[in-house]
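K.L.:
Just dropping this structure here.
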């Protein structure tokens, strides 16, 4: 009968303190930063290299960075692109990815950019799970 | 400008996506590596399989 008490005591002790959404927000804004915040340096570095690499290669392939438009497919692309956080804002501010598609690989580049955003959201949620204890550190 | 072949693009896509999947979907480093490798093989393998399928359909 002592086990349930121990379990509840452990649950109280492991309750996260502070703002639990910080790794989620920071991880979304800067790829890998959510894991850096949780002191997961190796994982954060691999995530940052993967997501940044995918985004940069997408731009290098003349991929398109979606902007707001009435087309539903463009809206879905925009949602994916927004997942890259600050990378999206910076690339839009610099006018990157705004050129007309001229080569076959540009379509691949556009997908690389969208998928980089989606993967970054997955990584940010993983950092949030580490923070809340849903995933063991 | 970077203009990879279709297969190089598949390899790069698979490498990056598998790395993120491996880290985020498993808990221990050993299982992360195994799951990442599994995803990479599935990405590349399915691309090769579908390519051959489309090759024979087109003939």
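Protein chains in written order, with my numbering: chain C, 9 to 145; chain G, 20 to 78. Where is the CB? At the ideal position from N, CA and C, for every residue including glycine.
1. Report the three-state DSSP secondary structure of residue 78 (chain G) (helix, strand or coil).
2. Three or more C-beta pairs closer than 8 angstroms, one from the region 39–48 of chain C and one from the region 126–141 of chain C: is that the case here?
3. Quick one, which residues of the region 23–46 of chain C are near chain G if we go by CB-CB under 9 angstroms, in chain order?
4. List, in order along the chain, the chain C residues whose C-beta lies closer than 9 angstroms to that of residue 36 (chain G)?
5. By Cβ distance, which residues of its chain are closer than 8 angstroms to residue 129 (chain C), with the 5 residues on each side in sequence left out?
6. Quick one: residues in its chain with C-beta nearer than 6 angstroms to the C-beta of residue 118 (chain C), no 5 flanking neighbours on either side, listed in chain order?
7. Check each candidate in C:131, C:67, C:145 and C:122 and name the one with the smallest Cα separation from residue 20 (chain G).
8. From what residue to what residue does the alpha helix (DSSP H) around residue 116 (chain C) run?
9. Given that residue 20 (chain G) touches chain C, what residues does it touch there, using C-beta distances under 9 angstroms?
P.N.:
Reading from the atomic positions:
1. When DSSP states are grouped into helix, strand and coil, residue 78 (chain G) belongs to the coil group.
2. Yes, the region 39–48 of chain C touches the region 126–141 of chain C.
3. Residues 43.
4. Annotation: Cβ neighbours of residue 36 (chain G) in chain C (cutoff 9 angstroms, chain order): 58, 62, 123 and 127.
5. Taken in chain order, the residues that qualify are 36 and 91.
6. Residues of the same chain with a CB within less than 6 angstroms of the CB of residue 118 (chain C), apart from the 5 flanking positions on each side, are 71 and 72 in chain order.
7. Nearest of C:131, C:67, C:145 and C:122 to residue 20 (chain G), Cα basis: C:67.
8. In this chain, the alpha helix (DSSP H) harbouring residue 116 (chain C) covers 113–140.
9. Within chain C, the residues near residue 20 (chain G) are 68, 69, 70, 111 and 113.
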